[in-house]
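Student:
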Amino acid sequence: MHDQAEKLRLLKSKVEKGFKEPEVITITSGKGGVGKSNTSVNLALALGELGKKVLLVDVDLGLGNTDLLLGVYPKYNLFDYFKNNIQLSELIFPVNENVDLLAGGSALSDEEMLEKINPNTLRADLQTLMGYDYILFDTGAGINRNVTYFALSADQVILVTTPEPTAITDAYALLKTLYGKKHNIKINILVNRAADFAEGEYIANKLIKVAYNFLKSTPNFLGFITDDKHVQQAVKLQKPYITLYHQCTASKDVKRVANKILGKQEYKERKGLFNIFRLFK
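Read in order, the letters of the sequence shown correspond to residues 1 to 281 in UniProt numbering.
Next comes the structure, spelled out in structure tokens:
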């Protein structure tokens, strides 16, 4: 691998020649089982459908599964980058015309890998690659050094949660940790498996309110993805739901989230069962 000075010189040269530095987004969650990696995969594909060049990097070290969710089998993964010094350009697996994957390693534990990595160095290496609009880091779940490193090194963070009380509690714990380390970090809340817009907004606003009251920081409501049976059907078939069921509700939701990331979409409240029930509270 090149030394840090050489990486910076290469990046500076590319910027001077008109190459745009990619935006780095870290996608994380306070607990496992909230559909974070599946969201990362489908969001990457949704951004690709909008014409953006995306590199999805699975940094759930030791437990990466984005390749399985995509139904692809890359020859190399991050293990080869950290241990065997293989160039990043050789590790990248093309998913489609606009989306590439850098698969996560499963041969080392988090502790062993963390002794060898620096997310800022990885980011610098990734940014020397040409042509990407977005680099998405899909982290592990919970509060650990791996998650914190990649969240703090990103331009913005997407925090995935669900309406379950345990998921909300763990999401707040992660908010507290990240804001405690970097007060001005940009965090967006994405509510997965919501009944509808109203429930997604309600859950996000609970987290936003408590973060404002107790952490003096305000995350943003990025959006929601409906609890849709097609999602699990796609997982079983090892295909992204946005590809397999392009017109299902979850696919429309993740495309809406992608548009909002690009600044092209604002949510308008939609009537649904959760909204109706709320009228009687």
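Built from N, CA and C at the ideal position, the CB exists for glycine as well.
(1) Rounding to the nearest angstrom, what Cα-Cα distance links Phe137 and Tyr241 in this structure?
(2) When the distance is taken between beta carbons, is Val34 closer than 7 Å to Asn220?
(3) Grab the span of the beta strand (DSSP E) containing Gly223 for me, first residue to last.
(4) Buried or exposed: which applies to Gln127, given that a residue is buried once 16 or more other Cβ atoms fall within 10 Å of its Cβ?
(5) Is it right to say Ser89 is buried, meaning 16 or more other beta carbons lie within 10 angstroms of its own, or is it exposed?
(6) Count the other CB atoms within 10 Å of the CB of Thr139; is the residue buried (16 or more) or exposed (fewer)?
(7) Is the beta carbon of Lys20 sitting closer than 7 Å to the one on Ser29?
(8) I want to know whether the region 90 to 101 touches the region 44 to 51 - three or more CB-CB distances under 8 Å.
(9) Output the residue ranges of the beta strand (DSSP E) runs that lie fully inside the region 146 to 197 and measure 3 residues or longer, sorted by chain position.
(10) Whose CA, out of Gly180, Ile187, Gly263 and Gly131, lies closest to the CA of Ala154?
(11) Can you grab the Cα-Cα spacing for the pair Thr249 / Lys75, in whole Å?
(12) Count Cβ pairs between the region 154 to 167 and the region 52 to 69 that sit closer than 8 Å; are there 3 or more?
(13) Run the CB neighbour count on Asn77, radius 10 Å, all protein chains shown included, and call it buried at 16 or more, exposed below.
(14) Work out the CA separation of Ile135 and Ile25 for me, nearest whole Å.
(15) Going straight from the alpha carbon of Val57 to that of Tyr212, what length do you get?
(16) Run through DSSP, which three-state label would Thr26 get?
(17) Measuring only the C-alpha atoms, how far is Ala204 from Ser217?
(18) Which residue from Asp80, Asn120 and Asn96 puts its Cα closest to that of Leu55?
(19) Can you say whether Tyr73 is buried or exposed, counting buried as having 16 or more other CB atoms within 10 angstroms of its CB?
(20) What would DSSP say about Ala141, mapped onto helix, strand or coil?
(21) Measure the alpha-carbon distance for Val257 versus Leu222 and round it to whole angstroms.
(22) Go to Asp58, then tell me how far its beta strand (DSSP E) extends in each direction, as first and last residue.
(23) Going by CA-CA distance only, name the one from Phe197, Ile261 and Val147 that's closest to Leu178.
(24) Just mark Lys229 as buried or exposed, buried being the case when its beta carbon has 16 or more other beta carbons within 10 Å.
(25) Take Lys31 and list the residues in its own chain whose beta-carbon comes closer than 6 Å to its own, dropping the five residues that flank it on each side.
(26) Quick one: grab the DSSP three-state call for Ile92.
Tutor: A quick look at the data gives this:
(1) 20 Å
(2) No, they are not a contact pair.
(3) Asn220 to Thr226
(4) buried
(5) exposed
(6) buried
(7) no
(8) yes
(9) Counting only runs of 3 or more, we get 156 to 161 and 187 to 194.
(10) Selected option, being the one with the closest Cα: Ile187.
(11) Rounded to whole angstroms, Thr249 to Lys75 spans 34 Å at the Cα level.
(12) For the pair of segments examined, the region 154 to 167 was found not to touch the region 52 to 69: the number of CB pairs separated by less than 8 Å stays below three.
(13) buried
(14) 6 Å
(15) 31 Å
(16) Strand at Thr26.
(17) In a straight line, the C-alpha of Ala204 is about 14 Å away from that of Ser217.
(18) For the set Asp80, Asn120 and Asn96, the Cα lying nearest the Cα of Leu55 is the one of Asn96.
(19) exposed
(20) Ala141: strand per DSSP, three-state reduction.
(21) Val257 and Leu222: Cα-Cα distance of roughly 7 Å.
(22) Val54 to Val59
(23) Taking each of Phe197, Ile261 and Val147 in turn and checking the Cα distance to Leu178, the smallest one comes out for Val147.
(24) exposed
(25) If we look at Lys31 and ignore the five residues flanking it on each side, its Cβ neighbours are Ala141, Ala167 and Asp170.
(26) coil
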